[in-house]
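See below for the structure under consideration.
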Amino acid sequence: MATVAGWVEAVREADARSLARVLSVVENRGPQAEELLRALFPAGGGATTIGVTGAPGAGKSTLVDQLAREYRRRQERVGIVAVDPTSPFSHGAILGDRVRMQALFGDPGIFIRSMATRGSLGGLSAATADACAVLDAAGFRRVMIETVGVGQGEIDIVQLADVVLVVLVPGMGDDVQTLKAGILEIADIFVLNKADRGADRLQQELRAMLGLARRADGWRPAIVQTVATEARGIAELCAAIADFESFQAAEDRRAARRREQWRRRLERLLRDRWYEAALAPHLPAAALDEAADAVAARRSDPYGAAEALIAMARRAAERG
Ligand SMILES: Nc1nc2c(ncn2[C@@H]2O[C@H](COP(=O)(O)OP(=O)(O)OP(=O)(O)O)[C@@H](O)[C@H]2O)c(=O)[nH]1
Ligand SMILES: [Mg+2]
Numbered sequence: 054m055a056t057v058a059g060w061v062e063a064v065r066e067a068d069a070r071s072l073a074r075v076l077s078v079v080e081n082r083g084p085q086a087e088e089l090l091r092a093l094f095p096a097g098g099g100a101t102t103i104g105v106t107g108a109p110g111a112g113k114s115t116l117v118d119q120l121a122r123e124y125r126r127r128q129e130r131v132g133i134v135a136v137d138p139t140s141p142f143s144h145g146a147i148l149g150d151r152v153r154m155q156a157l158f159g160d161p162g163i164f165i166r167s168m169a170t171r172g173s174l175g176g177l178s179a180a181t182a183d184a185c186a187v188l189d190a191a192g193f194r195r196v197m198i199e200t201v202g203v204g205q206g207e208i209d210i211v212q213l214a215d216v217v218l219v220v221l222v223p224g225m226g227d228d229v230q231t232l233k234a235g236i237l238e239i240a241d242i243f244v245l246n247k248a249d250r251g252a253d254r255l256q257q258e259l260r261a262m263l264g265l266a267r268r269a270d271g272w273r274p275a276i277v278q279t280v281a282t283e284a285r286g287i288a289e290l291c292a293a294i295a296d297f298e299s300f301q302a303a304e305d306r307r308a309a310r311r312r313e314q315w316r317r318r319l320e321r322l323l324r325d326r327w328y329e330a331a332l333a334p335h336l337p338a339a340a341l342d343e344a345a346d347a348v349a350a351r352r353s354d355p356y357g358a359a360e361a362l363i364a365m366a367r368r369a370a371e372r373g
């Protein structure tokens, strides 16, 4: 079955073991991965991709678990991609046990994939996007992505998700003042989890801060309090997600957001491809190292070094 046509068939049938194998092909970036993704692409686009990000330990996995179960109760098929760039060893523990058990014990409406941490964050984010594309093509109507909001992670989720949930926790250094500027802007919905510790003050502060900002699309991010461990606030969170989906459905906002996401991803793809096709083959293996040495020793500056490398590659290409 190790042909692309076979893989495509397996994705259509969406049985867990075949899906896992297909995702490994994609994740390992094997020679068939691109062909496979191209073959699957036309079947995608039907999923609502929900990104869940927040600080380590905020309760993201517990929330994803609860949301998944709520969507299952509503007969929606749920795919979950858990990205954990910080701890490659905790794969078994990434998701809450309940939904994992439900998947293990044969509910074909739930599929869970943990992304291994290999290579760069950039590579990881491409692999995550591709994993979501596979689950989308496999007919999961809700595809949830859990990422820890460190470094670039939370920004990448914006490039991928139709809906972004930012999970905050009261009294965990998540004071609104200390929130990184970027994270306020990416949230379509704020989830104040661990509300059993009292989240009213955080909610007030957040609301005050959001009142000052105005999003380009006019959406006012919802704020929902949850106690994920007790399934409290989950129905409200589903309702908030549905509200945002209705908002996006109007005036083709979702299409506009996706267009913008694809434009950026295409740009990145073009940059990579151009570098690989037009530049890298024409540079001697040592050229980049030598240039890095020179910049580190301050014998040249990075901009000059980049220009020099491009000129070197051009000359080599002209010589054929
Ligand atoms: N008191 C309280 N504890 C919670 C709540 N939600 C989750 N927790 C606990 O917080 C801890 C972390 O929960 P996780 O769901 O693993 O958090 P996470 O954000 O996925 O963590 P990482 O993936 O490691 O970043 C666990 O011990 C949960 O039981 C909540 O609403 N209230
Ligand atoms: Mg987690």
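Numbering (this note's numbering), first residue to last: 54 to 373. From the three backbone atoms N, C-alpha and C, an ideal C-beta is built for every residue, glycine too. Since the structure is predicted, the reported quantities are computational estimates derived from the model, not experimental observations.
### Message
Shorter than 7 angstroms, the distance from the beta carbon of E87 to the closest heavy atom of ligand 2, or not?
### Response
As a working mapping, residue 87 is identified with position 34 in the sequence shown. E87 Cβ: outside cutoff for every heavy atom of ligand 2.
### Heavy atom of ligand 1 within 7 angstroms of V160 beta-carbon
For this step, residue 160 is matched to residue 107 along the sequence shown. In the sequence as presented, Val is not what sits at residue 160; that position holds Asp. No.
#### Entry: Within 8 angstroms, strictly: CB atoms of T102 and V196
As a position in the sequence shown, residue 102 is number 49, starting the count at 1. As a position in the sequence shown, residue 196 is number 143, starting the count at 1. In this structure, V196 lies closer than 8 angstroms to T102 by Cβ.
### Query
Is DSSP giving L336 helix, strand or coil here?
Position 283 of the sequence shown holds residue 336. In this structure, L336 counts as coil in the three-state DSSP scheme.
### Task
Would you mind giving the Cβ-Cβ distance between V222 and G112, rounded to the nearest angstrom? I have them listed as a contact below 8 angstroms.
As a working note, residue 222 is residue 169 in the sequence shown. As a working note, residue 112 is residue 59 in the sequence shown. Going by Cβ atoms, the distance from V222 to G112 rounds to 7 angstroms, so yes, they are a contact pair.
### Query
Does at least one heavy atom of ligand 2 sit under 7 angstroms from the Cβ of E199?
As a position in the sequence shown, residue 199 is number 146, starting the count at 1. Yes, the beta carbon of E199 sits closer than 7 angstroms to at least one heavy atom of ligand 2.
### Query
From A92 to V61, what does the alpha carbon distance come to, in whole angstroms?
Taking the sequence shown and counting its residues from 1, one reaches residue 92 at position 39. Taking the sequence shown and counting its residues from 1, one reaches residue 61 at position 8. Their Cα atoms are separated by approximately 7 angstroms.
#### Entry: Residues of its chain near P274, where Cβ-Cβ distance is below 7 angstroms and the 5 sequence neighbours each way are ignored
As a first step, residue 274 is located in the sequence shown; it is residue number 221 there, counting from the start. Excluding residues within five positions, the ones whose Cβ falls inside 7 angstroms are A240, D241, I242, F243 and L263.
### Query
Residue range of the beta strand (DSSP E) that T200 falls in?
Mapped onto the sequence shown, residue 200 falls at position 147. Element bounds for T200: R195 to V201.
### Extent of the continuous alpha helix (DSSP H) to which G59 belongs
Numbered from 1 along the sequence shown, position 6 holds the residue referred to as residue 59. It spans V57 to E66 - the alpha helix (DSSP H) in which G59 sits, taken as one unbroken run.
### Message
My assumption, with CB atoms under 8 angstroms, is that P337 sits in contact with V348. Please give the rounded CB distance.
### Response
Numbered from 1 along the sequence shown, position 284 holds the residue referred to as residue 337. Numbered from 1 along the sequence shown, position 295 holds the residue referred to as residue 348. About 17 angstroms separates the two Cβ atoms, so there is no contact after all.
### Query
Can you check whether the CB of V79 is closer than 8 angstroms to the CB of A182?
Walking along the sequence shown from the start, residue 182 turns up at place 129. Walking along the sequence shown from the start, residue 79 turns up at place 26. Contact: no.
### Query
Could you name the residues, in chain order, whose CB is less than 5 angstroms away from a heavy atom belonging to ligand 2?
K113 and S114
### Query
Which stretch, first to last residue, makes up the beta strand (DSSP E) that contains F243?
For the purposes of this step, residue 243 is identified with residue 190 of the sequence shown, where counting begins at 1. Taken as a continuous stretch (DSSP letters only), the beta strand (DSSP E) holding F243 covers I242 to L245.
### Query
When the Cα atoms are used, what is the spatial distance from D270 to V117?
By one-based count along the sequence shown, residue 270 stands at place 217. By one-based count along the sequence shown, residue 117 stands at place 64. Roughly 26 angstroms between the two C-alpha positions.
#### Entry: Spatial distance of V277 from A293 (CA atoms)
Indexing the sequence shown from 1 puts residue 277 at position 224. Indexing the sequence shown from 1 puts residue 293 at position 240. V277 and A293: Cα-Cα distance of roughly 8 angstroms.
### Task
Could you tell me whether any non-hydrogen atom of ligand 1 is closer than 7 angstroms to the CB of N81?
Working through the sequence shown from its first residue, we reach residue 81 at position 28. Answer for N81: no, Cβ out of range of ligand 1.
#### Entry: Segment limits, beta strand (DSSP E) that includes F164
On the sequence shown, position 111 is the one that residue 164 refers to. Where F164 is concerned, the enclosing beta strand (DSSP E) stretches over I163 to M168.
### Distance, G373 Cα to E389 Cα
Residue numbering for the chain in the displayed model covers 54 to 373; residue 389 lies beyond these limits and cannot be assessed.
### Message
I'd like to know whether the C-beta atoms of G59 and V216 end up nearer to each other than 8 angstroms.
### Response
Here residue 59 corresponds to residue number 6 of the sequence shown, with the count starting at 1. Here residue 216 corresponds to residue number 163 of the sequence shown, with the count starting at 1. Not a contact, by the Cβ cut-off of 8 angstroms.
### Query
Which residue from E298, E343 and I363 puts its Cα closest to that of A330?
Working through the sequence shown from its first residue, we reach residue 330 at position 277. Ranking E298, E343 and I363 by Cα distance to A330 puts I363 first.
### Query
Do V57 and V75 come within 8 angstroms of each other at the CB atom, strictly closer than that value?
In the sequence shown, residue 75 corresponds to position 22, counting from 1. In the sequence shown, residue 57 corresponds to position 4, counting from 1. Taking 8 angstroms as the Cβ cut-off, V75 and V57 do not qualify as a contacting pair.
### Query
At which residues does the alpha helix (DSSP H) containing L213 begin and terminate?
Against the sequence shown, residue 213 aligns to sequence position 160. Looking at the DSSP string, L213 is not in any alpha helix (DSSP H), and its letter there is neither H nor E.
### Query
Using a threshold of 7 angstroms, is the CB atom of A111 nearer than that to any non-hydrogen atom of ligand 1?
In the sequence shown, residue 111 corresponds to position 58, counting from 1. At least one heavy atom of ligand 1 is nearer than 7 angstroms to the Cβ of A111, so yes.
### Task
Give a yes or no on whether the C-beta atoms belonging to V136 and L177 are separated by under 8 angstroms.
Counting from one through the sequence shown, the residue named residue 136 turns up at place 83. Counting from one through the sequence shown, the residue named residue 177 turns up at place 124. Result yes, Cβ atoms of V136 and L177 sit closer than 8 angstroms.
#### Entry: Unbroken beta strand (DSSP E) run spanning V280, endpoints
Within the sequence shown, the letter at position 227 stands for residue 280. Segment: none, V280 is in no beta strand (DSSP E) and carries neither H nor E.
### Task
Go ahead and pull the three-state DSSP assignment for G357.
The residue given as residue 357 occupies position 304 in the sequence shown. Note: G357 maps to helix in three-state DSSP.
### Nearest-angstrom Cα separation, counted from R352 out to A191
The residue given as residue 191 occupies position 138 in the sequence shown. The residue given as residue 352 occupies position 299 in the sequence shown. If you take the alpha carbons of A191 and R352, they lie about 54 angstroms apart.
### Query
Can you check whether the CB of L245 is closer than 8 angstroms to the CB of L120?
Here residue 120 corresponds to residue number 67 of the sequence shown, with the count starting at 1. Here residue 245 corresponds to residue number 192 of the sequence shown, with the count starting at 1. No, Cβ-Cβ distance for L120 and L245 is not below 8 angstroms.
### Query
Which one of D249, A67 and G99 has the shortest CA to CA distance from R285?
Taking the sequence shown and counting its residues from 1, one reaches residue 285 at position 232. Cα-wise, what sits closest to R285 is D249.
### Query
Under the rule that 16 or more other beta-carbon atoms within 10 Å means buried, what is D305, buried or exposed?
Taking the sequence shown and counting its residues from 1, the one referred to as residue 305 is at position 252. Classification for D305: exposed.
### Query
How is the beta strand (DSSP E) around A135 delimited, first residue to last?
Locating residue 135 in the sequence shown gives position 82, where the first residue counts as 1. Unbroken beta strand (DSSP E) run through A135: V131 to V136.
### Message
Pop quiz: L213 and Q314 are said to be a contact at Cβ under 8 angstroms. What is the actual Cβ separation, rounded to whole angstroms?
### Response
Counted from its first residue, the sequence shown places residue 213 at position 160. Counted from its first residue, the sequence shown places residue 314 at position 261. Yes, they are in contact, since the Cβ atoms of L213 and Q314 sit about 7 angstroms apart, within 8 angstroms.
### Query
Between D297 and the rest of its own chain, which residues show a CB-CB distance below 6 angstroms, the 5 nearest in sequence each way excluded?
Within the sequence shown, the letter at position 244 stands for residue 297. Reading off the sequence, residue 297 comes out as Phe, not Asp. Same-chain partners within the cutoff: V216 and D241.
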